[in-house]
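J.:
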DNA sequence: TTGAAAGCGTTACCAA
DNA sequence: TTGGTAACGCTTTCAA
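Protein chains in written order, with UniProt numbering: chain A, 1 to 330; chain B, 1 to 330.
1) Could you please give the first and the last residue of the uninterrupted alpha helix (DSSP H) stretch that includes residue 126 of chain A?
2) Do you know offhand how far residue 237 of chain B's Cα is from residue 260 of chain B's?
3) Check the Cβ-Cβ distances between residue 215 of chain B and every residue of chain A, and say whether any is below 8 Å.
4) Just checking my contact of residue 315 of chain A with residue 150 of chain A at CB under 8 Å: how many whole Å lie between their CB atoms?
5) Got a sec: which bits of the region 120 to 145 of chain B sit with their beta carbon under 8 Å from any beta carbon on chain A, in order along the chain?
6) Taking the continuous alpha helix (DSSP H) assigned at residue 279 of chain B, which residues delimit it?
7) Give me the chain B residues within the contact set of residue 220 of chain A, using Cβ-Cβ distance strictly less than 9 Å, ordered along the chain.
8) Please state whether the Cβ-Cβ distance between residue 112 of chain B and residue 58 of chain B is less than 8 Å.
9) What residues of chain B sit near residue 66 of chain A, judged by a beta carbon separation below 8 Å?
10) Using DSSP bridges, identify the partner residues of residue 62 of chain B.
11) Consider the Cβ of residue 163 of chain A: report whether some Cβ of chain B lies at a distance smaller than 8 Å.
12) Determine, using beta carbons only, whether residue 33 of chain B comes closer than 8 Å to chain A.
13) Using a Cβ-Cβ distance cut-off of 8 Å, determine whether residue 84 of chain A contacts chain B.
14) Do residue 273 of chain A and residue 240 of chain A count as a contact pair if the criterion is CB distance below 8 Å?
15) When DSSP builds the beta bridges, which residues end up paired with residue 150 of chain A?
16) Please list the residues of the region 87 to 114 of chain B that have a C-beta atom closer than 8 Å to any C-beta atom in chain A, keeping them in chain order.
17) Can you tell me the Cα-Cα spacing of residue 79 of chain B and residue 157 of chain B, whole angstroms?
18) State the Cα-Cα distance for the pair residue 140 of chain B and residue 97 of chain B, rounded to the nearest angstrom.
19) How big is the Cα-Cα spacing for residue 346 of chain A and residue 126 of chain B?
20) Can you confirm whether residue 244 of chain A, when its beta carbon is compared against all beta carbons of chain B, has any partner nearer than 8 Å?
21) Under 7 Å, CB to CB, which of the residues in the region 39 to 55 of chain A have a partner in chain B?
22) Give me whichever residues DSSP pairs with residue 287 of chain A in a beta bridge.
23) For residue 9 of chain B, collect the residues of the same chain with a Cβ closer than 8 Å to its Cβ; drop the 5 residues on either side in sequence, then sort them by chain order.
24) From the beta carbon of residue 255 of chain A, is the nearest beta carbon of chain B less than 8 Å away?
25) Work out the CA separation of residue 246 of chain B and residue 163 of chain B for me, nearest whole Å.
26) From B/209, B/173 and B/168, pick the residue whose C-alpha is nearest to that of residue 188 of chain B; which is it?
27) So, does the CB of residue 304 of chain A fall closer than 8 Å to a CB anywhere in chain B?
28) Would the beta-carbon of residue 154 of chain A fall within 8 Å of that of residue 167 of chain A?
29) Using a Cβ cut-off of 8 Å, pull out every chain A residue sitting near residue 223 of chain B, in sequence order please.
30) Going by the DSSP bridge assignment, what does residue 87 of chain A pair with across the sheet?
31) Between which two residues does the beta strand (DSSP E) containing residue 248 of chain B stretch?
32) Between the Cα of residue 254 of chain B and the Cα atoms of A/56, A/267, A/278 and A/243, which residue gives the shortest distance?
33) Could you give the C-beta distance for residue 114 of chain A and residue 304 of chain A, rounded to a whole number, given that I count them as a contact under 8 Å?
34) Do residue 200 of chain B and residue 206 of chain B come within 8 Å of each other at the CB atom, strictly closer than that value?
35) Is DSSP giving residue 273 of chain B helix, strand or coil here?
36) Since residue 298 of chain B contacts residue 81 of chain B with CB under 8 Å, what's their CB separation in whole angstroms?
Structure representation (structure tokens):
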């Protein structure tokens, strides 16, 4: 920066102001800009953050970057935060709470303006770390009873219950559930819980549950899970899957066996992934607005940052919509 | 840090050394650690970077985070770089060179130890920026004739040619190609180029090309593209798609029309996505080791960082393997 | 509108 | 093994 200042014949402060877009005469601004371009000067963000006491980072932690649901959420966050001059520090927890804790600790070192987490289950140390740091927190994809700070999401339990009611309304009584074997995917567990609560409420058979495959359960797990379900309960009329991915795998297994979907067996998914709209038969699912969760979270973050210096109030919980999307498969 | 030092009864320097894992007596180390825990002290990364002159960031730019190919590459990078204490600064260029330029400029502000880019097409300004910065660069997913610095990937042109030969060996003469309409997906363009070169070399019809949909072409585009191809060249025997995603959409369209794959028409994909292995019929494809590209890129980065202080040599180009994977669809 | 000085929290370097 | 001092490159603050 000294080099730029020297070349432009001004002080460092003037260079700093020009870069920040603050008041400066047009002539000065131009000379400084010319010097910047000539030298290819790029300001050091670490020095800026240290000096001003505020970084431009927002930390985002998702369980898996390869799930389109979560990468859509990241896109939504990007769309809102980037225009504010904020940068995303993205981390992938791999569904592991310990890894989340390590990543939170690591990201805290960069003094992020806010931290966006997925879900509401965190280690005690993670919560303590966040509380102590004083950094605003948004929990996404769930509506925890006691959020750390802010939350943007929906009740996976209730969304799953709605799908059960949809299937029951279609006349199905013997309904199965296909989910992952691991308890780490809390949203998956909540959907299973919703299945169990609603089948009980409706007086339906609650036992037809197959849990198979590590989080995140992918389409590869759908087929063996379906096979297992059919071998244990051959008279099953409808199957609800923890996601469209597993539903797709399940439907493929049905096709291999010559079972018609939905004539012989109905199959429903969850999450409204692109595959469910394209495949044949198309998959009845629950749409959840993954991108919108990111957007809303971004808006909550911007509001919280504004409130910090403006003294305004912040929204604590934002409920995002979900809806059963009837298609061909159920 | 002063607080920790005071509480532990040592100097700031000792605290710094304990945190860096440098020489310190066991007793001191323990007292300092206790103070750190008690105060919940988290070191400021910006100050550390400023002082030491080196950050712990590696910047990674991919065209799209929601493509499993690229998120697999990011996983590969993470697996290698995280154990080295490096952190990924991930950016999504959305296939736009201008956006890439903006992101490169932004990431350069954080003084990354290395920058990993996707592909070999960049704006002149991007190249200039990178050259001036002196930061090591890895270009992934391609083998440019003149890499900026290092490169890890394979020739998409040659990989596509191999698929054409595979289809020709199966006896197909009238082969079509389904790709995206935009020129931004350079890997897609290279695959099309490979298709055209090899069909010409084999004396086959080169005109059966349908380009439809923005980058990245997804499964939703496969169906209309297939429909277009069939309406223009109804006697097509085999179709090669720019990715498994579009191949899947194309196959769905065939099923809707009652066309049997591969009996009536063969369909091949590219990239070995999970869907190709699960769906029915399973999709013949070209496997490309997306995760391995990330790993190798990570190793190249570690080597380059080591070479910087060790004086060793760095690998310039790393060729990653690809192979036609015969399945049911072609 | 511009400039000078102080200081942000850490690490490098040298001395004890 | 430990501590003091300077310095990293910028922004804040105050003064001109």
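Yeah, the Cβ is synthetic: ideal placement off N, Cα and C, and Gly gets one too.
T.: On the basis of the supplied data:
1) 124 to 133
2) 12 Å
3) no
4) 7 Å
5) 128, 129, 132 and 133
6) No alpha helix (DSSP H) contains residue 279 of chain B, which DSSP labels as neither H nor E.
7) 274, 277 and 278
8) yes
9) 68, 71, 72 and 75
10) B/92
11) no
12) no
13) no
14) no
15) A/138
16) Within the region 87 to 114 of chain B, the qualifying residues are 87, 88, 89, 90, 92, 105, 106, 108, 109, 110 and 111.
17) Rounded to whole angstroms, residue 79 of chain B to residue 157 of chain B spans 29 Å at the Cα level.
18) 15 Å
19) Because chain A here runs from 1 to 330, residue 346 of chain A falls outside it and cannot be looked at.
20) No, residue 244 of chain A lies away from the interface with chain B (no Cβ there is under 8 Å from its Cβ).
21) Closer than 7 Å at the C-beta level to chain B, one finds these residues of the region 39 to 55 of chain A: 40, 42, 43, 44, 45, 46, 47, 49, 50 and 55.
22) A/323
23) Only 31 meet the Cβ criterion.
24) yes
25) Residue 163 of chain B and residue 246 of chain B have their C-alpha atoms some 16 Å from each other.
26) B/209
27) no
28) Contact flag unset, no.
29) 278
30) A/57
31) Residue 248 of chain B -> not in any beta strand (DSSP E); alpha helix (DSSP H) instead, spanning 244 to 257.
32) A/278
33) Contact annotation, residue 114 of chain A with residue 304 of chain A: C-beta distance approximately 6 Å; criterion of less than 8 Å satisfied.
34) yes
35) Looking at residue 273 of chain B - three-state DSSP - the assignment turns out to be coil, as it is neither helix nor strand.
36) 5 Å
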